[in-house]
Amino acid sequence: MNIPKLHFWIPAFNRFLLLSCLWLIIILLLRATDLVSIGNFPVAPAPLIANALWADLLTFLSLVRWIAVPFVLLYMFVNSKAANIFYLLLISLYVLISFGLNLYFHQANVPLGADVFGYSVKDIKQTVGAAAGGLPVSTIIALAVVIVLSIAAIFLFTRLQVRGDRRGFWFVLACILLFWVPLSASLTHNRLRSEYAGNIALNKTGFFLTRAQQYFLSPDDEAALPDPGYVAANQYPFLHNAGTDNVLAPYFKPAGERPPNIVIVLVEGLGRAFSGQDAYLGSFTPFLDSLSQHSLYWENFLSGGGRTFAVLPSLLGSLPFAKNGFAELAPQLPNSLTLLNIAKHNGYRTRFLYAGDAGFDKMDLFAKDQSVDTIIGKENFGEGYELLPANSGGFTWGYSDAALFSKYLDVTPSDSLQPRLDVMLTVSTHSPFIIPDQAYYNALAEERIRALSLTKEQQAEHLQYKAVYASILYMDNALRNFFRALVARPDHQHTIVLITGDHRLPEIPMRSKIDRYHTMLMVHSPLLERAAKFSSVSSHLDVAPALIAYLGGFQGFKTPSLVTWVGNGLDTARAFRNIHHYPLMQTKNDLVDFISGTWMLNSDNLFRILPDLNLEPVTDIEKIQQLRTGFNNFRQKNNQFLQTQQLIPDSLYKQFVP
Numbered sequence: 001m002n003i004p005k006l007h008f009w010i011p012a013f014n015r016f017l018l019l020s021c022l023w024l025i026i027i028l029l030l031r032a033t034d035l036v037s038i039g040n041f042p043v044a045p046a047p048l049i050a051n052a053l054w055a056d057l058l059t060f061l062s063l064v065r066w067i068a069v070p071f072v073l074l075y076m077f078v079n080s081k082a083a084n085i086f087y088l089l090l091i092s093l094y095v096l097i098s099f100g101l102n103l104y105f106h107q108a109n110v111p112l113g114a115d116v117f118g119y120s121v122k123d124i125k126q127t128v129g130a131a132a133g134g135l136p137v138s139t140i141i142a143l144a145v146v147i148v149l150s151i152a153a154i155f156l157f158t159r160l161q162v163r164g165d166r167r168g169f170w171f172v173l174a175c176i177l178l179f180w181v182p183l184s185a186s187l188t189h190n191r192l193r194s195e196y197a198g199n200i201a202l203n204k205t206g207f208f209l210t211r212a213q214q215y216f217l218s219p220d221d222e223a224a225l226p227d228p229g230y231v232a233a234n235q236y237p238f239l240h241n242a243g244t245d246n247v248l249a250p251y252f253k254p255a256g257e258r259p260p261n262i263v264i265v266l267v268e269g270l271g272r273a274f275s276g277q278d279a280y281l282g283s284f285t286p287f288l289d290s291l292s293q294h295s296l297y298w299e300n301f302l303s304g305g306g307r308t309f310a311v312l313p314s315l316l317g318s319l320p321f322a323k324n325g326f327a328e329l330a331p332q333l334p335n336s337l338t339l340l341n342i343a344k345h346n347g348y349r350t351r352f353l354y355a356g357d358a359g360f361d362k363m364d365l366f367a368k369d370q371s372v373d374t375i376i377g378k379e380n381f382g383e384g385y386e387l388l389p390a391n392s393g394g395f396t397w398g399y400s401d402a403a404l405f406s407k408y409l410d411v412t413p414s415d416s417l418q419p420r421l422d423v424m425l426t427v428s429t430h431s432p433f434i435i436p437d438q439a440y441y442n443a444l445a446e447e448r449i450r451a452l453s454l455t456k457e458q459q460a461e462h463l464q465y466k467a468v469y470a471s472i473l474y475m476d477n478a479l480r481n482f483f484r485a486l487v488a489r490p491d492h493q494h495t496i497v498l499i500t501g502d503h504r505l506p507e508i509p510m511r512s513k514i515d516r517y518h519t520m521l522m523v524h525s526p527l528l529e530r531a532a533k534f535s536s537v538s539s540h541l542d543v544a545p546a547l548i549a550y551l552g553g554f555q556g557f558k559t560p561s562l563v564t565w566v567g568n569g570l571d572t573a574r575a576f577r578n579i580h581h582y583p584l585m586q587t588k589n590d591l592v593d594f595i596s597g598t599w600m601l602n603s604d605n606l607f608r609i610l611p612d613l614n615l616e617p618v619t620d621i622e623k624i625q626q627l628r629t630g631f632n633n634f635r636q637k638n639n640q641f642l643q644t645q646q647l648i649p650d651s652l653y654k655q656f657v658p
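When the sequence shown is numbered by full-length UniProt numbering, its final residue is 658 and no position is left out of the sequence of numbers.
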């Protein structure tokens, strides 16, 4: 094959430069329409726009370097038309993907990453269905504007030429040299202190493609190193002695022969940002606020994950995250000991009730693996219960919170002597936030917003999320009515109720990386001898160890001597502190957060955790290395677990699960 001399390549180089300029202009058009549709910025416009433009430029450069050589080869060895079509198709694909990712961000207030690859087609259909029919007119107008301007730009640029010089050559050469420049890390980095502002500035396509690349191409972690604190670490990396203190017993009446009923209420999206004293968005949960005064209440409590996928394995089993969340290993789940099967071995009847599809995030498979006696979901809820109103696309997540609590009361005998462990997960506070009596709760939300000490600008911002706040008020009222019914039952006197959120909902902008995990834990019971509020940090990963330690104080309740808890039990210190060291998993493919003491590591960014659980950026290389060592230790164990698929010896498992 004869290779043309350099001057014959000049038209190809110049054409590539021209079409690349077109692409950059379209990227900037997409950014402009996106910023206009967002409207109010959480920080000063200048730094946000500067960071946004920088993110767009980096995305452009990171992508265009991959196109240079294929385009020029097509131009020279096929024909110019094929090269033009190739590039224009890529530009069109970018526009469609970018618009879809921007739309997702407008719905969720967090950029879409590789977590999409961790969900089944069924789960994705449900999530998309929740957003269907919710396209605002402004979004449709923005799409139309981008399409019209893009077509006009393409029409203009296909008629322009760069004549007679070598600017195109130097541009292609620069693109090739960019292969040796590490651009990917910058595409996911938040350079602004506000989490929401940083997410706005990100180029959503660059972020998504980088996360996808990391998901598919990142090498596995190296094999685990021996840890003298664990038992048989080479075969069972998380197995260790059960040494959790019974910190709950001092707050309860003395344990007797009969263990209590335990009811765990998991509230979809419940975050401390809008619940409880000093909630920085103002509290929209008056009933929970009142109940907390008569309960054990952890105000600085964290979820194990940033989405629902993590809540059951984390809270009920303090289990490792595996690759995409522990439950995603189903149907081949490794043997494990959790609150569910340990309680069942000790005579408890166990149940899981979800107002939505119990198969979502494989929750039903996880519950079945734990030998749960009864699983109730949308598919077998029964007649006569209120479904959440459907959106304009005809989709509904499932049943209202009031219906879930009514179902629970209907199927729960009040005179049974067999102890119960019941887990309920609500769904009303999930996008699209369409609830029963919508007009009433919208008005209640407006009234609540006006009652807060907010500036006019803050009031206007709160009103943008009126439907979200309305759903929170609805949930709170449903809990109020549930407790009224519960108190009237004779079995209430021997029942402990735990309330927490599965994670903080993201649709209201978050102020920091830890905000997504910041929920609360409330433990309420007539068996309590005194109420208390704790400012120390604990998480879902600490609940199962603490409850098993407490139940072990009852006569005849058998607990394992070896466990695989990732957490080490609830901290009942009144003052702010954190004695825990563990990772938090934001999405099914995003294990980048690690907390240790009053420090948080997010990727390579270090933050100091403040008493109100806000974050302060810190530059401390030694501390970063210290946390990175702890994080890598968990990752090594997690990776070894993925390879062996073993948590505990069969002999230990069979002591509790026949």
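Backbone N, C-alpha and C fix where the C-beta goes; we use that ideal spot for every residue, glycine too.
Residue i to residue j span [Cα, whole Å]
i, j, result
"Glu616", "Leu58", "26 Å"
"Ser471", "Ala358", "21 Å"
"Leu74", "Val64", "15 Å"
"Glu268", "Ile67", "44 Å"
"Ala330", "Trp9", "55 Å"
"Phe16", "Leu30", "21 Å"
"Ser98", "Leu652", "51 Å"
"Glu457", "Leu473", "22 Å"
"Lys368", "Asp410", "22 Å"
"Ala233", "Ala322", "16 Å"
"Pro228", "Phe360", "Because Pro228 carries a pLDDT of 45, less than 50, the predicted location of this residue cannot be relied on, and the following value inherits that uncertainty. Cα-Cα distance, rounded: 38 Å."
"Leu169", "Phe71", "The amino acid occupying residue 169 in the given sequence is Phe; Leu does not appear at that position. If you take the alpha carbons of Phe169 and Phe71, they lie about 13 Å apart."
"Met363", "Ile434", "24 Å"
"Leu225", "Gln277", "Note that Leu225 scores a pLDDT of 41, beneath 50, so its modelled location is shaky and nothing firm can be said."
"Glu379", "Leu22", "51 Å"
"Trp397", "Ile376", "14 Å"
"Ser20", "Phe216", "27 Å"
"Thr587", "Pro45", "29 Å"
"Arg530", "Leu248", "11 Å"
C-beta contact flag for residue i and residue j at 8 Å
i, j, result
"Tyr196", "Met510", "yes"
"Phe301", "Thr559", "no"
"Ser538", "His503", "no"
"His540", "Leu315", "yes"
"Leu613", "Ile514", "yes"
"Asp542", "Leu570", "yes"
"Tyr469", "Ala445", "yes"
"Phe208", "Leu101", "yes"
"Leu479", "Leu266", "no"
"Phe284", "Leu528", "no"
"Ser400", "Asp491", "no"
Where residue i sits in the DSSP three-state scheme
i, result
"His462", "helix"
"Phe576", "coil"
"Tyr354", "strand"
"Ala532", "strand"
"Phe252", "strand"
"Asp590", "strand"
"Asn477", "helix"
Residue environment, residue i, which counts as buried when at least 16 other CB atoms sit within 10 Å
i, result
"Thr374", "exposed"
"Phe179", "exposed"
"Tyr354", "buried"
"Gln332", "exposed"
"Tyr280", "exposed"
"Lys654", "exposed"
"Ala82", "exposed"
"Ser295", "buried"
"Thr338", "buried"
Residue span of the beta strand (DSSP E) that contains residue i, given as start and end
i, result
"Met585", "Run containing Met585: none; DSSP gives neither H nor E here."
"Pro286", "Taken as a continuous stretch (DSSP letters only), Pro286 belongs to no beta strand (DSSP E), being part of the alpha helix (DSSP H) at Pro286 to Ser292."
"Trp599", "Trp599 to Asn602"
"Arg420", "Arg420 to Leu425"
"Trp66", "Note, Trp66: premise wrong, no beta strand (DSSP E); alpha helix (DSSP H) at Pro45 to Phe77."
"Arg608", "Asn605 to Ile609"
"Ile264", "Asn261 to Val267"
"Phe301", "Leu296 to Leu302"
Extent of the continuous alpha helix (DSSP H) to which residue i belongs
i, result
"Arg167", "Arg167 to Leu177"
"Lys81", "Ser80 to Ala108"
"Tyr441", "Gln438 to Ala451"
"Ile624", "Ile621 to Thr644"
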